[in-house]
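Engineer: This is the structure I have questions about; it appears just below.
Number of protein chains: 2
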Amino acid sequence: MSSGGPPTIVSIAERAGVSIASVSRVLNGLGARPETEDRVRRAASELGYVPNAVARSLKDGHTRQLTFAVPDIGNPVYVAMVREIQAVAKAAGYRLLLHSTDADVADELGVVRSLADRTSDGLVLVPIRITPAHVEALTAAPGPVVVIGSLPDGVPVDGVQADSVTGAELAVRHLVESGRRRIALVNGPVDTVPGGNRGRGYRAALAACGIPYDPELVTATDFGVGAGARATARLLAARPDLDAVFCANDQLAIGAVQALHAAGRRIPRDTAVAGMDDSDLAVAAWPPLTSVDLGAGERGRRAARMLLERLAPGSGEPLPARRTTAAPRLVVRGSTSPGAAPAGSDEQEGAKSA
Amino acid sequence: MSSGGPPTIVSIAERAGVSIASVSRVLNGLGARPETEDRVRRAASELGYVPNAVARSLKDGHTRQLTFAVPDIGNPVYVAMVREIQAVAKAAGYRLLLHSTDADVADELGVVRSLADRTSDGLVLVPIRITPAHVEALTAAPGPVVVIGSLPDGVPVDGVQADSVTGAELAVRHLVESGRRRIALVNGPVDTVPGGNRGRGYRAALAACGIPYDPELVTATDFGVGAGARATARLLAARPDLDAVFCANDQLAIGAVQALHAAGRRIPRDTAVAGMDDSDLAVAAWPPLTSVDLGAGERGRRAARMLLERLAPGSGEPLPARRTTAAPRLVVRGSTSPGAAPAGSDEQEGAKSA
DNA sequence: TTGAAAGCGCTAACAT
DNA sequence: ATGTTAGCGCTTTCAA
């Protein structure tokens, strides 16, 4: 008899006067006599039947859910990734489980291990930093994982990374080509993946342009608007002659712009500013920020696709771990180039490729 | 025998030489003889056992997953909600399923219905607009739903809303008190929930301040930076005498600021600008934007809590539908007030409560 | 204290 | 073409 709960194949079978197997078949598009077909469909729709996804998952071993774990969902870069990953997942019929690790290493490792609870079919992980423990956990991952970040060779999971070294070079070169010579660096924590790489790119570009590295022009703080403003103010006090500020992300750059404005400097005439990530913040600033697009959306999209490929039937795990890198793209706007970025034009034509 | 797959209670039982029931008991902290306890725990850890969450869900009827459905994950307002909801969910031991409806009404309705597949225990929905079909679907919702938005009375689901009418009033009043008289409105689509309410707030505030409503000072376009810039340019051309621009969100306000800058107007001296939502964009602008915080994070938090309360055992569905409203808060910054917002101070002290 | 067995809702052999 | 049944991994009566 139909008890209290939501309808199941049993309720339908009773109502249609057939077996549960017939119900299952009809509902899954396998053959049946027209009359049976009819009775089942009618009963199902009368009862408002919706298949129980949990039961189905238990049966066939997958959930059609993907997990995406990020350090901080508020960060525009990760937001761009979430957006793309969710789009790819949705298009492929997968749901997206969003997990915030709050930049906690232990939590990151936990997410990898929790793949074992079969809650999702695979994981896209953005680690804040990659430790030996990460390598270990990743190597023993109980399911498919794609890491967004720089993975050491030998770790048997797919990875997609940004090329922030080249990205930083792009920005610094652009600054140099615009005639800047005393280019400060406002970096984030250097013991994180992004911070480390961006610092290296800065030095490489200076070297390539024949400009000596000057430690006094370099600061490392937290990533954040306030940190950027304070660091820039300090830099300005120590080295009033600086003519450009390169920031490791747009938030820092926004802070730099504010500090510069507050100090009465004109941008870009007196001091140019460039950021990284090309987030929405870049066009919100005045003047609009020149920024390096590190392809966050693109990385998200690729990661999701790689994960889905691992999940596709047939193409099992035997494939070797793959690595891919998204190419950076410099987007020139008013903060470095006087004529750029007319108001009302969202997309900047001045963009040039790596 | 222990076959290929991941360890299950059966593998543990075999290895420990006990029944699966004992395994289950030990692992769930129910009593057992010390020796049994020991053998089971040892076997479990040797095997690296992790309980299968799907099986558990099937058994006890809930997934410990919540769904959050938003029109667009890129929007800073929704990002703020996601962040809070995920935090509340995580703290309560729930996972968060993030769904983007892409502002599609049909998709919104689909999400409500899909509660029936038992993939998640409850839903927080942000509808872009509330149609009769929404009311119908919500009334027949196959599980607990909390709506963030303005729900008609009588719809039997919990709701939390912003008070954008009061919010708009706060901003307009502030503008008037700063001596502005010709205050333009740059609104988003008026057939959406936010657009409609913000327009009403604007008119109400003008009326309260004894300033006549002037249709020529009002535009409605899309929500977006480019749209804001274009609308403001148009307004400026038609009414060069305007002395303030109130925008229905921060993105529009950013656009307005750009258009104003491009037209050579000084902010706030010649023209003041105020936005809404108090997103990260507000502090990225120059001058930093005065904005009305509509409590997006707060709404997310409350919605998540209400949902969790519905889910708590005991306090079943019988509770009547609840409605709650988050109080708006005006945050004054440089775009309306000359002295405000020194660089480097992330939090603005000038904030005053409703 | 412990084991046997039922059952959550579904799919897929297998038998008819 | 359709029904019976086993089984996915777990929890929980019910007996012993």
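Line by line, the protein sequences give chains A and B.
Going by the numbering used here, the first residue of the first sequence is number 4, and it counts up by one from there.
Going by the numbering used here, the first residue of the second sequence is number 4, and it counts up by one from there.
Yeah, the Cβ is synthetic: ideal placement off N, Cα and C, and Gly gets one too.
What first and last residue would you give for the alpha helix (DSSP H) that runs through I12/B?
Structural biologist: It spans I12 to A19 - the alpha helix (DSSP H) in which I12/B sits, taken as one unbroken run.
Engineer: Output needed for R203/B: all residues of its chain with C-beta closer than 7 Å, excluding positions within five of it in sequence on either side, in chain order.
Structural biologist: Excluding positions up to five away in sequence, the list reads V168.
Engineer: Using 8 Å as the limit for Cβ to Cβ distance, is L61/A near chain B?
Structural biologist: For L61/A, the answer is yes, since a Cβ of chain B falls inside 8 Å of its Cβ.
Engineer: Grouping DSSP H, G and I as helix and E and B as strand, with all else coil, what is R332/B?
Structural biologist: Residue state, collapsed to three classes: strand.
Engineer: Output yes if chain A places a C-beta closer than 8 Å to the C-beta of A47/B; else output no.
Structural biologist: So no, A47/B is outside the interface.
Engineer: Could you check what DSSP says for S294/A in three-state terms: helix, strand or coil?
Structural biologist: DSSP places S294/A in strand when its eight states are reduced to three.
Engineer: List the endpoints of the continuous alpha helix (DSSP H) containing S60/B.
Structural biologist: Note, S60/B: alpha helix (DSSP H), A56 to D63.
Engineer: Along the alpha helix (DSSP H) that carries R116/A, what are the first and last residues, could you check?
Structural biologist: V108 to R116 is the span of the alpha helix (DSSP H), which, as asked, contains R116/A.
Engineer: Consult DSSP for R184/A and reduce its assignment to one of helix, strand or coil.
Structural biologist: Coil, per DSSP.
Engineer: Mind checking L209/A: buried by the 16 CB within 10 Å criterion, or exposed?
Structural biologist: Buried, because 16 or more other Cβ atoms sit within 10 Å of the Cβ of L209/A.
Engineer: Quick test of your reading: A56/A and R42/A, contact by CB under 8 Å. State the CB separation rounded to the nearest angstrom.
Structural biologist: Rounded, the Cβ-Cβ distance is 25 Å, inconsistent with contact.
Engineer: Taking C-alpha atoms, which residue in R302/B, A236/B, R304/B and D283/B lies nearest to T274/B?
Structural biologist: For the residues R302/B, A236/B, R304/B and D283/B, the minimum Cα distance to T274/B belongs to A236/B.
Engineer: Within 8 Å (strictly less), CB to CB, does S103/B reach chain A?
Structural biologist: It does: the Cβ of S103/B has a partner Cβ on chain A nearer than 8 Å.
Engineer: Does the Cβ-Cβ distance between I151/A and V127/A come in under 8 Å?
Structural biologist: Against a cut-off of 8 Å, the Cβ pair of V127/A and I151/A comes out as a contact.
Engineer: Got a sec? Which residues, its chain only, sit under 6 Å from R313/A by beta carbon, not counting five neighbours each side?
Structural biologist: Only P147 meet the Cβ criterion.
Engineer: Please state the DSSP three-state secondary structure of G337/B.
Structural biologist: In this structure, G337/B counts as coil in the three-state DSSP scheme.
Engineer: State the Cα-Cα distance for the pair V53/B and P9/B, rounded to the nearest angstrom.
Structural biologist: Taking the straight line joining both Cα atoms gives about 9 Å.
Engineer: Beta-carbon of G7/A versus every beta-carbon of chain B: anything under 8 Å?
Structural biologist: Judged by the 8 Å Cβ criterion, G7/A is not in contact with chain B.
Engineer: Going along chain B, which residues have a C-beta under 8 Å from I15/A?
Structural biologist: Going along chain B, no residue has its Cβ under 8 Å from I15/A, so there is no contact; the nearest lies around 14 Å.
Engineer: Can you give me the C-alpha to C-alpha distance between P74/A and V80/A, rounded to a whole angstrom?
Structural biologist: Straight-line Cα distance between these residues: approximately 11 Å.
Engineer: Which residues, in chain order, does the region 163-184 of chain B contribute to contact with chain A at a C-beta distance below 7 Å?
Structural biologist: Within the region 163-184 of chain B, no residue has a Cβ that lies closer than 7 Å to any Cβ of chain A.
Engineer: With DSSP collapsed to three states, give me the class of S27/B.
Structural biologist: Looking at S27/B - three-state DSSP - the assignment turns out to be helix.
Engineer: Tell me which residues of the region 300-312 of chain B have at least one Cβ-Cβ distance to chain A shorter than 9 Å, keeping chain order.
Structural biologist: Within the region 300-312 of chain B, no residue qualifies.
Engineer: With a cut-off of 8 Å on the beta carbons, I'd call P145/A and A119/A a contact; round off their distance for me.
Structural biologist: Contact holds; Cβ gap of about 4 Å.
Engineer: Determine which residues share a DSSP beta bridge with G77/A and list them.
Structural biologist: Bridge partners of G77/A: none, in fact.
Engineer: So R166/B and A330/B are in contact, right, with Cβ under 8 Å, and what is the actual spacing, rounded?
Structural biologist: For the record, residue 166/B in the displayed sequence is Asp; it is not Arg. About 7 Å; that satisfies the 8 Å criterion.
Engineer: Under a CB-based cut-off of 8 Å, is I76/A close to chain B?
Structural biologist: So, interface residue.
Engineer: At a Cβ threshold of 8 Å, is A119/A touching chain B?
Structural biologist: Yes - at least one Cβ of chain B is within 8 Å of the one on A119/A.
Engineer: Mind checking who C250/A pairs with in its DSSP beta bridge?
Structural biologist: C250/A pairs with V189/A.
Engineer: Would you say P345/A lies against chain B (beta-carbon separation less than 8 Å)?
Structural biologist: Note that P345/A scores 47 on pLDDT, short of 50, meaning its location in the model is unreliable; the coordinates nonetheless yield the value given after this. Answer yes: the Cβ-Cβ gap between P345/A and chain B drops below 8 Å somewhere.
Engineer: Would you identify the three-state DSSP class for G353/A, choosing helix, strand or coil?
Structural biologist: With a pLDDT of only 32 at G353/A, under 50, the local geometry of the prediction cannot be trusted, and the value read off the model is given with reservation. DSSP places G353/A in coil when its eight states are reduced to three.
Engineer: Checking 8 Å against the spacing of the C-beta atoms, do Q89/B and I76/A come in under that value?
Structural biologist: Yes, the Cβ-Cβ distance between Q89/B and I76/A is below 8 Å.
Engineer: Would you kindly report the start and end of the unbroken alpha helix (DSSP H) that includes S103/A?
Structural biologist: Unbroken run through S103/A is the beta strand (DSSP E), R98 to S103; no alpha helix (DSSP H).
Engineer: Please identify the residue among T224/A, T104/A and R28/A whose C-alpha is closest to the C-alpha of D194/A.
Structural biologist: Among T224/A, T104/A and R28/A, the Cα nearest to that of D194/A is on T224/A.
Engineer: So, for S22/A: in the same chain, excluding its five sequence neighbours on each side, which residues have a beta-carbon less than 8 Å away from its beta-carbon?
Structural biologist: If we look at S22/A and ignore the five residues flanking it on each side, its Cβ neighbours are A16.
Engineer: Is P341/A buried or exposed, if buried means 16 or more other CB atoms sit within 10 Å of its CB?
Structural biologist: Exposed: under 16 other Cβ atoms inside 10 Å.
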